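In the numbering used here, the protein residues as written are 283 to 820. Even for Gly, the Cβ is constructed at its ideal location relative to N, Cα and C. Values in this document were obtained by computation on a predicted structure and should not be read as measured data. Input: a single structure, listed below in structure tokens.
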């Protein structure tokens, strides 16, 4: 055990925890937190990201501006850390100008240290960010992500490159939450071959191992270690600060008064955990065990996948390099725009001037099956099923539709059994998925992604999220339908975040140029105009 090198605890609750509430923490909570951190003896706190404007709502701790920091009551013992995603800056035309747009000089800011979150392929360009931040006067750390997926040679190469810079701290993150002591030791040894500066770690808790990994890293002389209150953080979260303090106290034989932190947890964070339900579970454990990116799990849970669907997706991802499969196609919080790949099928000849019925498999929809089938037979709408398990007579369905890459992974076996054509964007499908679907008829209708946007073309569409409802609405619209009817869209209840998300997608659609009139014909908790399926004749 290396007791000579003291470890710095860095609490990053509001930065990592912000994935659950869009970084929208109240100033009162942040001030109470800062006061408590000072009392318990934690010196470094990472209050959030420093970011450019987002098209979606983000709270104060997404931007963590200097004006915001000025408004807080920061105890003199506390050092403020913020994180910036390298990609946010590297995507700008002028990297140095982008840095200066986000950061004032250190003399005009309460920020003491900036952490650059960086993928391995971004390191070379990120050195420009490092250089400019150092020129502005900041202490700088680079946080290397997904290090467990890198070859030893690559880690050695990057650590050698960083050893030749004026970087203050080299961090690495166990992004997949899968690392154990032996692997940690190997990575530390490789890094230290060239890197002689301070080292930091950020451990995720997929395997329930984050706290033990933190303790082990202390024993190995790692100088910077992260934790969050109650482990609050993306996916399975992190090591819990309240537990890590106890171990730190024992390790360094220091006195810490943890009562203020327990009071803060009782007063604020217990309620937050009940609301957002972060933390490890069996799905995150499987993800950590098989090296699957936790974003897949969080996205499936947040968008309402059934437990059986999540397990089916895990079974597919563990056999198809789940750490490398294109996570940009499914992640919601940093979704990049994706250029539309034009398809080869157009709905125009099928839906022009007709009513289109979108049918889902809401639990209550079975009560109305007879009425829905009678309506289809009498009025002949073009029927698009947005779930594979809708209960109506399959001969009444014209096509199924799907666009979410995770749905294809989770439901691949049910997709293979479809007897009607499937409308899907082949351009975003993994080659393995295409191979498995080779025996069904796929109508290739292209899709692209742009936040808050619907655009309609003959052979494809732009939608704001890879939700089948959004894709199906666009199919009907691109096909110049007369009207769009919805059946079986029960929703999740008025107060559920998923209902709010779908309502937002519907609102974005109805306010888009070219949108068609929408009418729900079975009960729904979504904000939709309604007319009973039993009264459509009038």
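Would DSSP call residue i helix, strand or coil?
i	result
residue 323	coil
residue 615	Annotation note: pLDDT 45 at residue 615 (below 50); position unreliable, no value reported.
residue 397	strand
residue 734	coil
residue 627	coil
residue 408	helix
residue 697	helix
residue 485	strand
residue 518	coil
residue 375	coil
residue 307	coil
residue 347	coil
residue 597	helix
residue 755	helix
residue 673	coil
residue 298	helix
Expressed to the nearest angstrom, what Euclidean distance is found between the alpha-carbon atoms of residue i and residue j?
i	j	result
residue 394	residue 362	5 angstroms
residue 642	residue 689	14 angstroms
residue 481	residue 453	6 angstroms
residue 842	residue 590	Because the chain spans 283 through 820 in this model, residue 842 falls outside it and cannot be assessed.
residue 646	residue 769	10 angstroms
residue 318	residue 796	54 angstroms
residue 433	residue 403	13 angstroms
residue 388	residue 419	5 angstroms
residue 398	residue 773	40 angstroms
residue 487	residue 784	30 angstroms
residue 489	residue 595	18 angstroms
residue 791	residue 544	46 angstroms
residue 300	residue 509	14 angstroms
residue 512	residue 742	45 angstroms
residue 753	residue 660	26 angstroms
residue 322	residue 340	29 angstroms
residue 631	residue 697	25 angstroms
residue 566	residue 356	35 angstroms
residue 723	residue 682	10 angstroms
residue 817	residue 639	16 angstroms
residue 665	residue 412	55 angstroms
residue 555	residue 514	8 angstroms
residue 311	residue 550	8 angstroms
residue 587	residue 538	43 angstroms
residue 598	residue 378	42 angstroms
residue 695	residue 593	13 angstroms
residue 302	residue 456	20 angstroms
residue 435	residue 475	12 angstroms
residue 518	residue 561	4 angstroms
residue 553	residue 298	17 angstroms
residue 577	residue 563	14 angstroms
residue 755	residue 788	9 angstroms
residue 396	residue 536	28 angstroms
Just to confirm my understanding: we take residue i, look at its own chain, exclude 5 residues before and 5 after, and list those with CB closer than 6 angstroms. What are they?
i	result
residue 730	620, 621, 622 and 744
residue 707	685, 728 and 729
residue 384	332
residue 525	493
residue 616	Residue placement at residue 616 is flagged as unreliable, the pLDDT there being 43, under the threshold of 50; a coordinate-derived value is accordingly withheld.
For residue i, which residues from the same chain have a beta carbon less than 7 angstroms from its beta carbon, with the 5 sequence-adjacent residues on both sides left out?
i	result
residue 557	none
residue 350	342
residue 353	309
residue 416	422 and 448
residue 542	318, 321 and 322
residue 771	642, 644, 802, 806 and 808
residue 247	Given a span of 283 to 820 for the chain in the structure shown, any question on residue 247 remains unanswerable.
residue 330	296, 297, 300, 305, 343, 344, 346 and 364
residue 370	333 and 334
Assuming residue i contacts residue j under a Cβ cut-off of 8 angstroms, what Cβ separation, rounded to an integer in Å, is found between them?
i	j	result
residue 650	residue 809	Actually they are not in contact, since the Cβ atoms of residue 650 and residue 809 sit about 20 angstroms apart, beyond 8 angstroms.
residue 579	residue 569	5 angstroms
residue 798	residue 758	6 angstroms
residue 467	residue 502	7 angstroms
residue 764	residue 635	6 angstroms
In its own chain, which residues sit with a C-beta less than 8 angstroms from the C-beta of residue i, not counting the 5 before and 5 after it?
i	result
residue 293	319, 324, 326, 327, 328, 508, 509, 510, 511 and 523
residue 547	511, 512 and 524
residue 750	668, 669, 683, 684, 685, 686 and 689
Shorter than 6 angstroms, the distance from the beta carbon of residue i to the closest heavy atom of the ligand GTP, or not?
i	result
residue 773	This structure does not include the ligand GTP; it has no bound ligands of any sort.
Would the region 493 to 502 count as touching the region 527 to 534 if we require 3 or more Cβ pairs under 8 angstroms?
yes
Quick check: the region 698 to 718 against the region 777 to 785, are at least 3 beta-carbon pairs closer than 8 angstroms?
no
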